[in-house]
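For reference, each letter of the sequence shown is one residue, going 22 to 401 in the working numbering. Before any comments, here is the structure.
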Amino acid sequence: MNNELTKKTREADIILEFLEPDQDIIDKGWERQKSIWEDEEPDYLPIVISGKVPERQNFPRYNLKEQFYNKDKMFIENLWQLIAQSRGNSDAQLSMRVNFGTGFIPSIFGLEQIVFEDKMPWLGRHLSKEEVTNFEFPEDIKDRGLMPMAIEYIEYFKEEMENKAHIFLPDTQGPFDIAHLLRGEEIFTDIYDDPDFVHRLMKLSTKAYIGVTEILKKAIGEEFDKGYHNALYMGKGGVRICEDSVTLLSPELIKEFVLPYTKEALKPFGGGWIHWCGNGNHILDLFLELEEVKGFNFGNPEMYDYNEVMRKVIEKKKFYFGGWPKNENENMKEYFKRILKPLNNRKAGLIFVPWVEDIEEPDGVIELWHSLQDYNSLQF
């Protein structure tokens with residue numbers, strides 16, 4: 022066992038040698054992202070891209086099951102992503118996370134996940150109505166479910182990184198997504214059959230979201246109202262909320278069963294940003310009205326009218342973090358000009374992650390992105 026651990030540590034040490042970020046570039050990226058959060062114009066809109074890591078092919082790859090049960094392997098796979106980001110020389114803020122899947126918070130309710138090699142874990146069962154009704158929220162959740170394992174992994178990541186990168190929260194989802202995971206598909210009939218029960222469930226899931234997040238932010242050592250998430254710096258709002266399941270609800274149901282709990286979950290952290298996959302055109306306006314929501318990320322931006330989304334986001338002094346599809350026949354210059362056009366010469370409302378693979382020369386891409394934002398060059 023000792024020889025095995027020594028080998029793992031040695032592998033991580035070797036890979037860490039490949040991580041050589043330019044701190045001046047990272048600092049400038051932090052300033053640009055901070056400006057977007059504060060609705061101030063930076064010198065250039067932040068852009069996040071990654072570079073190539075040919076060394077990766079010389080090392081073993083660890084599947085998701087191996088990573089779940091071994092902090093060394095999870096750390097190493099995270100590390101390769103950091104190296105790629107650092108070689109992009111963009112505005113990315115280097116950070117990694119412990120990731121136990123979407124069932125992480127439901128685990129404190131006693132639910133367990135099935136762990137797979139080739140896909141993220143998934144809950145083996147859901148709670149019955151009786152279990153939810155009888156559930157008494159514990160005073161201390163630090164030792165429940167996957168919490169001890171998460172804290173152990175976080176502490177290990179911090180020790181290994183030695184301030185070379187930030188640690189961000191595991192997948193904490195959001196109040197309604199947690200409730201959906203706890204109850205399963207029956208939540209969608211519960212809403213009609215027993216709305217009081219669903220409100221009880223929402224209170225439990227919101228309390229769990231807040232409690233888990235507070236504990237883990239303290240373990241990470243970051244402020245409640247600030248933090249990091251992958252390449253993103255979070256200022257004036259220290260958390261992400263996932264609202265994937267909310268896209269299945271009508272606006273009327275969202276107003277009753279979602280928005281009050283989203284607000285409650287975000288308040289202790291000074292607000293935050295929201296992600297969802299799928300078509301959420303019918304819910305975007307609802308979340309735009311919440312003061313606590315500072316930004317948005319779509320898992321399927323191809324389902325939205327980019328110009329309309331950016332118009333609304335900028336009007337509300339919020340931002341979009343992420344990418345938008347590149348048209349098949351567009352070159353990079355045409356793509357970037359289309360992305361910049363609805364901003365009307367303003368450097369606001371966008372932290373851009375281009376949908377482009379295999380970037381050979383990141384510096385040239387960034388130079389193009391910057392040049393198109395210079396007023397003398399901005400010709401549409």
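Where a beta carbon is used, it is the ideal one built from N, C-alpha and C, also for glycine.
Locate the alpha helix (DSSP H) running through residue i, then write down its first and last residues.
i: residue 53; result: 44-58
i: residue 386; result: 383-392
i: residue 330; result: 327-336
i: residue 302; result: 302-309
i: residue 205; result: Per DSSP, residue 205 belongs to no alpha helix (DSSP H) and is neither H nor E.
i: residue 177; result: 168-182
CB-CB under 6 Å to residue i, same chain, minus the five flanking residues each way: which ones, in chain order?
i: residue 25; result: With a pLDDT of 49 at residue 25, under the threshold of 50, the predicted position of this residue should be treated as unreliable, though the coordinate-derived value follows. Within the same chain, residue 25 has no close Cβ partners at all.
i: residue 282; result: 196, 223 and 227
i: residue 346; result: 323 and 376
i: residue 46; result: 110
i: residue 153; result: 222
Please go through the same chain and pick out, in chain order, the residues whose beta-carbon is closer than 7 Å to the beta-carbon of residue i, but skip the five residues on each side of it.
i: residue 267; result: 197, 275, 279, 297 and 304
i: residue 86; result: 136, 137 and 138
i: residue 247; result: 255, 256 and 259
i: residue 286; result: 195, 196, 227, 230, 231 and 262
i: residue 42; result: 107 and 115
i: residue 127; result: 144, 199, 202 and 203
i: residue 325; result: 302 and 319
i: residue 97; result: 32, 33, 36 and 83
i: residue 391; result: 65
i: residue 158; result: 225 and 228
To the nearest angstrom, report how far apart residue i and residue j are at their CA atoms.
i: residue 397; j: residue 319; result: Caution is warranted here: a pLDDT of 49 is assigned to residue 397, below 50, making its placement in the model unreliable, and no coordinate value can be reported.
i: residue 374; j: residue 353; result: 13 Å
i: residue 336; j: residue 120; result: 35 Å
i: residue 147; j: residue 156; result: 13 Å
i: residue 202; j: residue 122; result: 12 Å
i: residue 101; j: residue 48; result: 21 Å
i: residue 133; j: residue 181; result: 28 Å
i: residue 209; j: residue 269; result: 9 Å
i: residue 177; j: residue 217; result: 42 Å
i: residue 112; j: residue 331; result: 20 Å
i: residue 56; j: residue 215; result: 45 Å
i: residue 172; j: residue 237; result: 7 Å
i: residue 149; j: residue 207; result: 9 Å
i: residue 124; j: residue 142; result: 7 Å
i: residue 38; j: residue 225; result: 45 Å
i: residue 321; j: residue 327; result: 12 Å
i: residue 389; j: residue 366; result: 16 Å
i: residue 350; j: residue 219; result: 48 Å
i: residue 243; j: residue 184; result: 13 Å
i: residue 310; j: residue 273; result: 15 Å
i: residue 131; j: residue 205; result: 15 Å
For residue i versus residue j, is the C-beta spacing smaller than 9 Å?
i: residue 316; j: residue 290; result: no
i: residue 249; j: residue 295; result: no
i: residue 166; j: residue 135; result: no
i: residue 241; j: residue 179; result: yes
i: residue 383; j: residue 77; result: no
i: residue 58; j: residue 114; result: no
i: residue 99; j: residue 118; result: yes
i: residue 95; j: residue 213; result: no
i: residue 344; j: residue 314; result: no
i: residue 73; j: residue 380; result: yes
i: residue 252; j: residue 40; result: no
i: residue 66; j: residue 372; result: yes
i: residue 233; j: residue 168; result: yes
i: residue 338; j: residue 60; result: yes
Around the Cβ of residue i, are there at least 16 other Cβ atoms within 10 angstroms (buried) or fewer (exposed)?
i: residue 191; result: buried
i: residue 239; result: exposed
i: residue 80; result: exposed
i: residue 63; result: buried
i: residue 71; result: buried
i: residue 44; result: exposed
i: residue 271; result: exposed
i: residue 53; result: buried
i: residue 211; result: buried
i: residue 370; result: buried
i: residue 23; result: The pLDDT assigned to residue 23 is 47, lower than 50, so where the model puts this residue is not dependable, and the model offers no usable value.
Where do the ends of the beta strand (DSSP E) carrying residue i lie?
i: residue 297; result: 293-297
i: residue 315; result: 314-319
i: residue 221; result: Careful: residue 221 lies outside any beta strand (DSSP E), inside the alpha helix (DSSP H) at 216-241.
i: residue 116; result: 116-118
i: residue 254; result: 253-255
i: residue 261; result: 260-263
i: residue 70; result: Counting along the chain, residue 70 falls outside any beta strand (DSSP E), and DSSP gives it neither H nor E.
i: residue 89; result: Note, residue 89: premise wrong, no beta strand (DSSP E); alpha helix (DSSP H) at 85-90.
Leaving out the 5 sequence neighbours to the left and right, which residues in its chain are closer than 8 Å to residue i when beta-carbon positions are compared?
i: residue 264; result: 195, 197, 198, 279, 283, 295, 296, 297, 301, 304 and 308
i: residue 393; result: 354, 357, 358, 361 and 399
i: residue 90; result: 136
i: residue 75; result: none
Return no unless some Cβ of chain B is closer than 9 Å to the Cβ of residue i.
i: residue 342; result: Judged by its chain identifiers, the structure shown contains no chain B, having just a single protein chain.
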